[in-house]
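A.B. asks: Let me give you the structure first, and then I'll get to my questions.
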Amino acid sequence: MMNINQLIFGRYLPGNSFVHRMDPRAKLLLSFYFVLVVFIANDWCGYLFLALVTLFCIKLSRIKIKVFINGLKPLFVLILITILMQLFFTSGGHIYWQWGIFTLTSNGIISSVLITVRFILIIFMSTLLTLTTTPMAIADAMTALLRPLARFHLPVDEIGLMLSIALRMVPTLADEATQVMAAQRARGIDFNHGNLFKRGKALISLLIPMFVDSFNQATNLATAMEARGYQSGKPRTHYHQLHWQKTDTMALIVMLLIIPVLVFLRK
Amino acid sequence: MMSIIKVTHLNYQYEAHKKILNDINFTVETGEWLAIIGHNGSGKSTLLRCLDGLLTPQSGQILINDTIMNDENIWQLRQKMGMIFQNPDEQFVRATVADDVAFALENAAVPPQLMQQRVHEALAAVGMLAYADKAPAQLSGGQKQRVALAGVIAQQPRLMLLDEATSMLDPDGRRLVLQIIKQLRQKYHLTLLSVTHDIDEAIMADRILIINDGHIIKNDTPAAIFTDKTLLSQLNLPIPYTEQLKNKLRQYHVPVPQGFYDIKEFVKYLWTLSSKM
Numbered sequence: 006m007m008n009i010n011q012l013i014f015g016r017y018l019p020g021n022s023f024v025h026r027m028d029p030r031a032k033l034l035l036s037f038y039f040v041l042v043v044f045i046a047n048d049w050c051g052y053l054f055l056a057l058v059t060l061f062c063i064k065l066s067r068i069k070i071k072v073f074i075n076g077l078k079p080l081f082v083l084i085l086i087t088i089l090m091q092l093f094f095t096s097g098g099h100i101y102w103q104w105g106i107f108t109l110t111s112n113g114i115i116s117s118v119l120i121t122v123r124f125i126l127i128i129f130m131s132t133l134l135t136l137t138t139t140p141m142a143i144a145d146a147m148t149a150l151l152r153p154l155a156r157f158h159l160p161v162d163e164i165g166l167m168l169s170i171a172l173r174m175v176p177t178l179a180d181e182a183t184q185v186m187a188a189q190r191a192r193g194i195d196f197n198h199g200n201l202f203k204r205g206k207a208l209i210s211l212l213i214p215m216f217v218d219s220f221n222q223a224t225n226l227a228t229a230m231e232a233r234g235y236q237s238g239k240p241r242t243h244y245h246q247l248h249w250q251k252t253d254t255m256a257l258i259v260m261l262l263i264i265p266v267l268v269f270l271r272k
Numbered sequence: 024m025m026s027i028i029k030v031t032h033l034n035y036q037y038e039a040h041k042k043i044l045n046d047i048n049f050t051v052e053t054g055e056w057l058a059i060i061g062h063n064g065s066g067k068s069t070l071l072r073c074l075d076g077l078l079t080p081q082s083g084q085i086l087i088n089d090t091i092m093n094d095e096n097i098w099q100l101r102q103k104m105g106m107i108f109q110n111p112d113e114q115f116v117r118a119t120v121a122d123d124v125a126f127a128l129e130n131a132a133v134p135p136q137l138m139q140q141r142v143h144e145a146l147a148a149v150g151m152l153a154y155a156d157k158a159p160a161q162l163s164g165g166q167k168q169r170v171a172l173a174g175v176i177a178q179q180p181r182l183m184l185l186d187e188a189t190s191m192l193d194p195d196g197r198r199l200v201l202q203i204i205k206q207l208r209q210k211y212h213l214t215l216l217s218v219t220h221d222i223d224e225a226i227m228a229d230r231i232l233i234i235n236d237g238h239i240i241k242n243d244t245p246a247a248i249f250t251d252k253t254l255l256s257q258l259n260l261p262i263p264y265t266e267q268l269k270n271k272l273r274q275y276h277v278p279v280p281q282g283f284y285d286i287k288e289f290v291k292y293l294w295t296l297s298s299k300m
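Quick note, the sequences are listed as chains A and B, same order.
For the first sequence, the working numbering begins at 6 and goes up steadily by one.
For the second sequence, the working numbering begins at 24 and goes up steadily by one.
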């Protein structure tokens, strides 16, 4: 079974770098933007440039590049499958080797490398977002960015609260899952052996208590929230104020320049 | 003294169940600490939830500060009441300590500037200022309950309701939380209402209400209740440590007085006794 702690993706590393201090809204916007930009690039020059931009951003965050590379490890199988798919199922260009439906072509090699680079760049950039921003700040930023949609009767505040409670509950529920598993193991349930059917059946002994438990927790949390004066739809203030600074605007402008540079590099 | 809570002829029952609360009448004076004790299922938690307006009783009246509680004014009344629940994990709403303390203030639409100040003050009052940015998963049960206390203090309530607030803590955590509750009570002139199974907590109260099967069967001072041996054995209530010690000493014919003592007073008594001998 995969160790949850190995997953660097979605974790936060405290720090006080330029990237850490940026407004989470700016970071969120930039990450979305970067993912889009990655799909615009389609040649070596473009990718080299984007890789340099990514490295520069990582440098700004003062987090070691090793952390990011380690973060790739759990995704290794996924990347490998993507590479193999691209390698053997892309047609066009010079054919080097063919066997049944599998073909190895020059186009295949090029696109598999490009796809991998694309994949890694996206992972690095989104990891950079989560490593430098607390989940809470991300939830706040999402709520703030969704704010305009409140005009179309989207319950933005409720979505924001749900998101933040979900994030807050993740470690608590993970702890409980570990406990329930240990308790069931003590009663002789084997989670790691047997065929798919047997394992699925073992999983039921984890899932049902976890569901019942979350229902109970939700009821109690709702009661506690009511006792503390939470009414949905009522105007509230926010403890965390997001501060958009000049540097955020600057970062946004600099990143916007990527597209013209990419277009220029494409010729 | 003015009574802050006045309950008259309160009845409550969940649908298709037998009555949980049956004609409850009592008052709580301003600044008083009232402990409510009783066995599981005696209705004491239900009573506390009725007082906070979380449950609506079928009949009867609850007066808070001479205002009759109803559906319209409950949110307003609740701003002056703080409630702490049993499970530290299930009442932690936000992802960090400071955020959680601010939750009730956010709900009351307190301006952010003032909120900062009140959160800071409340965290200092429970000694959790150093943990302001920690996540609930990084705290012990006792620390989480202290955060819950800070959340209530930040609301600046007049009345604090404790629903078995220390029952899921280890002995050290329990002692510390009780000590902080005692300090907070003095500092902020709080009226306390606590539902508890913990004998040490009940002894700290000014008055004890014993509930059994939805009825109030006793309403008296801890001294009167915990020296009443027939009552204790009848209700199968635990005997406080000093009373147990007194009983043992009597077996060895050591002269002990009838009155009730807490541990400090009892130690003092033993000192005077030994100097006399």
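We put the beta carbon where it would ideally sit given N, CA and C, even for glycine.
Starting from the beta carbon of residue 222/A, find every residue of chain B whose beta carbon is closer than 9 Å, and list them in chain order.
C.D. replies: Along the first sequence, read from residue 1 onward, the residue named residue 222/A stands at position 217. Here the neighbours are 110, 112, 113.
A.B. asks: Among 195/B, 261/B, 209/B, 199/B, which residue has its Cα nearest to the Cα of residue 221/B?
C.D. replies: The residue labelled residue 221/B in the question sits at position 198 within the second sequence. Closest by alpha carbon: 261/B.
A.B. asks: Our contact map puts residue 207/B next to residue 172/B with C-beta atoms below 8 Å; I'd like the distance itself, whole angstroms only.
C.D. replies: Sequence index remark: in the second sequence, residue 207/B carries index 184 (1-based). Sequence index remark: in the second sequence, residue 172/B carries index 149 (1-based). Right, their Cβ atoms sit about 7 Å apart.
A.B. asks: Round the Cβ separation of residue 123/B and residue 174/B to the nearest angstrom and send it over; I've been treating them as touching at under 8 Å.
C.D. replies: As a first step, residue 123/B must be located in the second sequence, where it is residue number 100. As a first step, residue 174/B must be located in the second sequence, where it is residue number 151. Their Cβ separation, rounded to whole angstroms, is 6 Å, which keeps residue 123/B and residue 174/B in contact under 8 Å.
A.B. asks: At 9 Å on the CB atoms, spell out the chain A contacts of residue 278/B, in chain order.
C.D. replies: Position 255 of the second sequence, counted from the start, is the residue given in the question as residue 278/B. Near residue 278/B there are no residues of chain A at all, since even the closest Cβ is about 49 Å away, more than 9 Å.
A.B. asks: Smallest Cα separation from residue 230/B: which of 36/B, 44/B, 32/B, 49/B?
C.D. replies: As a first step, residue 230/B is located in the second sequence; it is residue number 207 there, counting from the start. When each option's Cα is compared against that of residue 230/B, the closest is 49/B.
A.B. asks: DSSP three-state call for residue 32/B: helix, strand or coil?
C.D. replies: Locating residue 32/B in the second sequence gives position 9, where the first residue counts as 1. Looking at residue 32/B - three-state DSSP - the assignment turns out to be strand.
A.B. asks: Return helix, strand or coil for residue 235/A, following the three-state DSSP convention.
C.D. replies: To locate residue 235/A, count along the first sequence from 1; it is residue 230. Residue state, collapsed to three classes: coil.
A.B. asks: Leaving out five residues before and five after residue 51/B in sequence, what residues of the same chain have Cβ atoms less than 7 Å from its Cβ?
C.D. replies: Position 28 of the second sequence, counted from the start, is the residue given in the question as residue 51/B. 26, 27, 28, 57, 214, 216.
A.B. asks: Please state whether the Cβ-Cβ distance between residue 148/B and residue 242/A is less than 8 Å.
C.D. replies: Counted from its first residue, the second sequence places residue 148/B at position 125. Counted from its first residue, the first sequence places residue 242/A at position 237. No, these two residues do not count as a Cβ contact at 8 Å.
A.B. asks: Tell me, please, which residues DSSP counts as bridged to residue 103/A.
C.D. replies: Residue numbering aside, residue 103/A sits at position 98 when the first sequence is read from its first letter. Bridge partners of residue 103/A: 108/A.
A.B. asks: Taking the alpha-carbon positions, what's the residue 214/A to residue 274/B distance?
C.D. replies: Start at 1 with the first residue of the first sequence, and residue 214/A comes out as number 209. Start at 1 with the first residue of the second sequence, and residue 274/B comes out as number 251. Cα to Cα, residue 214/A sits roughly 51 Å from residue 274/B.
A.B. asks: By the criterion of Cβ-Cβ separation under 8 Å, what are the contact partners of residue 242/B in chain A?
C.D. replies: As a first step, residue 242/B is located in the second sequence; it is residue number 219 there, counting from the start. Per Cβ cutoff of 8 Å: no residues; residue 242/B is ~25 Å from chain A at best.
A.B. asks: In chain order, what are the residue ranges of uninterrupted alpha helix (DSSP H) at least 4 long that sit wholly in the stretch 175-236 of chain A?
C.D. replies: 201-232
A.B. asks: Taking just the CA atoms, how far does residue 160/A sit from residue 154/A?
C.D. replies: Within the first sequence, residue 154/A is the residue found at index 149, counting from 1. Within the first sequence, residue 160/A is the residue found at index 155, counting from 1. In a straight line, the C-alpha of residue 154/A is about 9 Å away from that of residue 160/A.
A.B. asks: Give the straight-line distance between the Cα atoms of residue 84/B and residue 46/B, rounded to the nearest whole angstrom.
C.D. replies: On the second sequence, position 61 is the one that residue 84/B refers to. On the second sequence, position 23 is the one that residue 46/B refers to. When rounded, the distance between both Cα atoms is 10 Å.
A.B. asks: So which residues on chain B does residue 225/A lean against when the C-beta distance must stay under 8 Å?
C.D. replies: In the first sequence, residue 225/A corresponds to position 220, counting from 1. 108, 110, 113, 114, listed in chain order.
A.B. asks: Locate the alpha helix (DSSP H) running through residue 260/A, then write down its first and last residues.
C.D. replies: Position 255 of the first sequence, counting from 1, holds the residue named residue 260/A. It spans 251-261 - the alpha helix (DSSP H) in which residue 260/A sits, taken as one unbroken run.
A.B. asks: With a threshold of 8 Å between beta-carbons, can residue 183/A be considered close to chain B, or not?
C.D. replies: Here residue 183/A refers to the residue found at position 178 when the first sequence is read from its first residue. So, not an interface residue.
A.B. asks: What number of angstroms, rounded off, separates the C-alpha of residue 259/A from the C-alpha of residue 22/A?
C.D. replies: Sequence index remark: in the first sequence, residue 259/A carries index 254 (1-based). Sequence index remark: in the first sequence, residue 22/A carries index 17 (1-based). Each residue's Cα considered, the two are about 18 Å apart.
A.B. asks: When Cβ atoms are compared, which residues of the stretch 169-198 of chain A fall closer than 8 Å to chain B?
C.D. replies: 169, 170, 172, 173, 176, 177, 180
A.B. asks: Distance, Cα to Cα, residue 7/A vs residue 117/B?
C.D. replies: Here the question's residue 7/A lines up with position 2 in the first sequence. Here the question's residue 117/B lines up with position 94 in the second sequence. Reliability of the predicted coordinates at residue 7/A is poor, the pLDDT of 39 falling under 50, and the value obtained from them is presented with this limitation in mind. If you take the alpha carbons of residue 7/A and residue 117/B, they lie about 28 Å apart.
A.B. asks: Determine the contact status of residue 43/B and residue 69/B, defining contact as a CB-CB distance below 8 Å.
C.D. replies: In the second sequence, the residue the question calls residue 43/B occupies position 20. In the second sequence, the residue the question calls residue 69/B occupies position 46. Contact flag set, yes.
A.B. asks: Give the secondary structure of residue 48/B by DSSP, where H, G and I count as helix, E and B as strand, and everything else as coil.
C.D. replies: Here residue 48/B refers to the residue found at position 25 of the second sequence. Residue 48/B falls in the strand class under three-state DSSP.
A.B. asks: Pick helix, strand or coil for residue 243/A, following the three-state DSSP scheme.
C.D. replies: By one-based count along the first sequence, residue 243/A stands at place 238. Residue state, collapsed to three classes: coil.
A.B. asks: Shorter than 8 Å from the beta carbon of residue 22/A to some beta carbon of chain B?
C.D. replies: What you label residue 22/A is simply residue 17 of the first sequence in a count that begins at 1. No, its Cβ sits nowhere closer than 8 Å to a Cβ of chain B.
A.B. asks: With 16 other CB atoms within 10 Å as the buried threshold, where does residue 39/B fall?
C.D. replies: Here the question's residue 39/B lines up with position 16 in the second sequence. With fewer than 16 Cβ atoms within 10 Å of its Cβ, residue 39/B is classed as exposed.
A.B. asks: Is the stretch 136-152 of chain A touching the stretch 29-42 of chain A, taking contact as three or more C-beta pairs under 8 Å?
C.D. replies: Enough Cβ pairs lie closer than 8 Å, so yes.
A.B. asks: Below 8 Å on the Cβ atoms is my guess for residue 71/B versus residue 232/B; work out the distance and round it to an integer in Å.
C.D. replies: Within the second sequence, residue 71/B is the residue found at index 48, counting from 1. Within the second sequence, residue 232/B is the residue found at index 209, counting from 1. The pair is not a contact, with the Cβ atoms about 11 Å apart (cut-off 8 Å).
A.B. asks: Is the beta carbon of residue 155/B closer than 8 Å to that of residue 168/B?
C.D. replies: Residue mapping note: residue 168/B aligns to position 145 of the second sequence, counting from 1. Residue mapping note: residue 155/B aligns to position 132 of the second sequence, counting from 1. In this structure, residue 155/B does not lie closer than 8 Å to residue 168/B by Cβ.
A.B. asks: Note the first and the last residue of the continuous beta strand (DSSP E) segment covering residue 230/B.
C.D. replies: Translated into positions along the second sequence, residue 230/B becomes position 207. Counting along the chain, the beta strand (DSSP E) containing residue 230/B begins and ends at 230-235.
A.B. asks: Starting from the Cα of residue 127/B, find the closest Cα among 128/A, 264/A, 237/A and give me that residue.
C.D. replies: Working through the second sequence from its first residue, we reach residue 127/B at position 104. With distances taken between Cα atoms, residue 127/B lies closest to 237/A.
A.B. asks: Could you tell me which of 264/B, 253/B, 250/B, 177/B sits nearest to residue 141/B, measuring between CA atoms?
C.D. replies: Residue mapping note: residue 141/B aligns to position 118 of the second sequence, counting from 1. Cα-wise, what sits closest to residue 141/B is 177/B.
A.B. asks: Which residues in chain E have a C-beta closer than 8 Å to the C-beta of residue 141/A? List them in chain order.
C.D. replies: No chain E appears in the structure shown, which is made up of the protein chains A and B.
A.B. asks: Taking 8 Å as the CB-CB cut-off, is residue 216/B touching chain A?
C.D. replies: In the second sequence, counting from the first residue as 1, residue 216/B sits at position 193. For residue 216/B, the answer is no, since every Cβ of chain A falls outside 8 Å of its Cβ.
A.B. asks: Following the continuous alpha helix (DSSP H) through residue 69/A, name the residue where it begins and the one where it ends.
C.D. replies: For the purposes of this step, residue 69/A is taken as the residue at position 64 of the first sequence. From DSSP, residue 69/A is part of no alpha helix (DSSP H); its letter is neither H nor E.
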